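Report on the structure given below.
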Amino acid sequence: MASKTLDGIKSIENFQIEDKRLFLRLDLNVPMNEDLTIADDTRIRAAMPTIKYAIEKGAKIIIASHFGRPKGVEEKYSLEPVAKYLSEKLNKEIMLVEEPRGHAARALLSGLKPSQIIMLENLRFDPGEEKNDREFAQSMAGQTDIYINDAFGASHRAHASIVAMPGLVDKKGIGFLMRKEIEMLDTIRFTPQAPFLTILGGAKVSDKIEVIEVLMDKVDTMIIGGAMAYTFLAAQKIQTGKSLVEKDKISFAADLLKRAEMRRKRILVPIDHRITQDIKDTEGSKICDGAAIPDGWLGVDIGPKTAELYAKEIARAKTIFWNGPMGVFETEAFSAGTFKVARAIAENEKAISVVGGGDSAAAAEASGQAEKFTHISTGGGASLEFLQGEKLPGIEALRPPKRSEKNIEDGGML
Ligand code: AMP
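Under our numbering, the sequence shown has 199 at position 184, and the numbering climbs by one with no breaks.
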């Protein structure tokens, strides 16, 4: 599959990696349980093809990732459980290096043998990572022959291991996961087959305005669910009770509905709901048979008629992009709409179906149908920014310098 975005960017297969120090920037930022066991290993599984390839080819492998949002060194954000898990999956020893800048790290790296793996401790333990600090990047680049970014979910961040570091290494490129992510999202952006259906849900319209604007030009139909839907209902002057409505986005929603009508595109909003008087009250929830929500009640999921309507649309689509749950799906009593949508997408085997990370990826996994989707992105924020047409700093950092820039770097000599 060709990808516009990847024009000129090298991939791991373009390098001779045997016996070379290969720095693999991965996104191993996985959800954890309270007892520090891994709650969802999707990102680890997604990184496997690149790791296994590096082992087979006999590279000296340095794995690096961020994990959570620590403030300095915090034990609960250690990558230790991830290193252990990966080591078990690969049946291979993985040493965790505590201070990538330290002497011990350098000594370990210089003793690394082909197909051996070390993992650097959480990159965000070092204040240099989030500051895109050149010195921190240099401490890692100095130990690296080939830099591979396979961390799509972190590539929208201008951090040291994502941007500064590839600027300091000549041989750089992407891994297999990054290729798949970008090829799939490029298909959505540039060559979607009609009918193209986008399903948007989640908490806020305001988080998704840019992506709605961009997708609006390309889609045939847009389905709206989740709390976002109530702002669209309010824009049609339909009663929303005490559901989450973003008052300052009502005019945007109204304008979008008008624009869609003029351009013969369809925007579907819920025609019934599951409602409750308190988001914590699952027992007292009920179906509201109609679009209007009574005073004192709030919508927490799309209703069964809406789910049926959306499933029919999904069945006839050829390209599907989904981002955002249809309701408060983390609560079982409010999850039916989201799971019905997930199942309907999985059942449409003719369509290219892409799930844009975050909560919808978790919902797709929880529906038990994950393997039937064409692609579930590992990057929530990154996939939305990418679809909005923004250049991801982590991808741009892998482009070869333009001829004129290269001449300057080479002292002007050709
Ligand atoms: P987002 O990160 O924007 O995709 O939003 C995901 C969050 O939206 C999830 O945590 C859902 O529980 C929440 N959500 C979805 N529908 C509703 C709703 N009707 N009311 C409140 N929160 C909702």
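Even for Gly, the Cβ is constructed at its ideal location relative to N, Cα and C.
Computed from a predicted structure; not experimentally measured.
- Rounded to the nearest angstrom, the gap between the Cα atoms of Tyr92 and Val45 is 11 Å.
- For Ala79, the three-state secondary structure derived from DSSP is strand.
- For Leu37 against Asp160, the beta-carbon gap comes to about 7 Å, under 8 Å, which counts as contact.
- Shortest gap from the CB of Asn44 to any heavy atom of the ligand AMP: 8 Å or more.
- Taking all protein chains shown into account, Phe205 has fewer than 16 neighbouring C-beta atoms within 10 Å of its C-beta and is therefore exposed.
- Excluding the 5 residues flanking it on each side, Pro129 has same chain C-beta neighbours closer than 8 Å at Glu33, Asp34, Gly73, Ala74 and Lys75, in chain order.
- Excluding residues up to 5 positions away in sequence, Gly188, Ile189 and Arg194 lie with their Cβ nearer than 7 Å to the Cβ of Ser26 in the same chain.
- Taking every protein chain shown into account, the CB of Gln31 has fewer than 16 other CB atoms within 10 angstroms, so this residue is exposed.
- At least one heavy atom of the ligand AMP is found less than 8 Å from the C-beta of Pro340.
- Note on Asn48: under 16 other CB atoms within 10 angstroms of its CB, so exposed under the neighbour-count rule.
- Lys186 and Tyr162 have their C-alpha atoms some 6 Å from each other.
- Spanning the alpha carbons of Lys280 and Ser170 requires a straight line of approximately 33 Å.
- Straight-line measurement puts the Cα of Lys301 at about 10 Å from the Cα of Trp312.
- Within the region 160–203, the runs of beta strand (DSSP E) that reach at least 3 residues and sit entirely inside it are, in chain order, 161–164 and 186–189.
- Contact check between the region 218–228 and the region 250–258: fewer than three CB pairs, one atom from each, fall below 8 Å, which does not count as touching.
- Closest by C-alpha distance to Thr255, out of Asp270, Thr65, Glu95 and Gly305, is Gly305.
- The distance from the Cβ of Asp287 to that of Pro309 is about 13 Å, inconsistent with a contact at the 8 Å cut-off.
- With contacts defined as CB atoms closer than 9 Å, Asn363 and Ile329 qualify as a contacting pair.
- Its chain contains Leu200, Ile203, Arg204, Val226, Val229, Leu230, Phe336 and Gly371 as the residues whose beta carbon lies nearer than 8 Å to that of Leu402, once the 5 sequence neighbours on both sides are disregarded; these appear in chain order.
- Per DSSP, the continuous alpha helix (DSSP H) segment holding Leu123 begins and ends at His118 to Ser125.
- Taking 8 Å as the cut-off, one finds no heavy atom of the ligand AMP near enough to the beta carbon of Val369.
- Using a 10 angstroms sphere on the CB of Ile294, the tally of other CB atoms stays under 16, which defines it as exposed.
- For Thr321, the closest of Ala209, Ile214, Ala269 and Ala120 by C-alpha to C-alpha distance is Ile214.
- Separation of Leu407 and Leu413 (C-alpha to C-alpha, rounded to the nearest whole angstrom) is 10 Å.
- Counting along the chain, the unbroken alpha helix (DSSP H) around Arg331 starts and ends at Pro319 to Arg331.
- In this structure Pro285 is buried. Its beta-carbon is surrounded by 16 or more other beta-carbon atoms within 10 angstroms.
- If you ignore the 5 residues before and after Ser221, its C-beta comes within less than 7 Å of the C-beta of Glu261 and Lys264, all in its own chain and listed in chain order.
- Placement of the Cβ of Lys219 at a distance of less than 8 Å from at least one heavy atom of the ligand AMP is found.
- Taking a 10 Å sphere around the C-beta of Asn164, we find 16 or more other C-beta atoms and assign the residue as buried.
- Linking Ile391 to Ser350 through their CA atoms gives a straight-line distance of about 19 Å.
- Around the C-beta of Ser125, fewer than 16 other C-beta atoms lie within 10 Å, and the residue is accordingly described as exposed.
- For the pair Arg116 and Ser154, the CB atoms are nearer than the 9 Å cut-off.
- Taking C-beta atoms as the reference points, Asp42 and Gly168 count as a pair closer than 9 Å.
- Excluding five sequence positions before and after Pro210, the CB atoms of its chain that fall closer than 8 Å to its own CB belong to Asp235, Thr236, Arg331, Ala332, Lys333 and Thr334, given in chain order.
- CA-to-CA, the gap between Met341 and Ile239 works out to about 8 Å.
- As summarised for the region 357–408, the continuous alpha helix (DSSP H) elements at least 4 residues long and confined to that stretch are 373–381 and 395–402, given in chain order.
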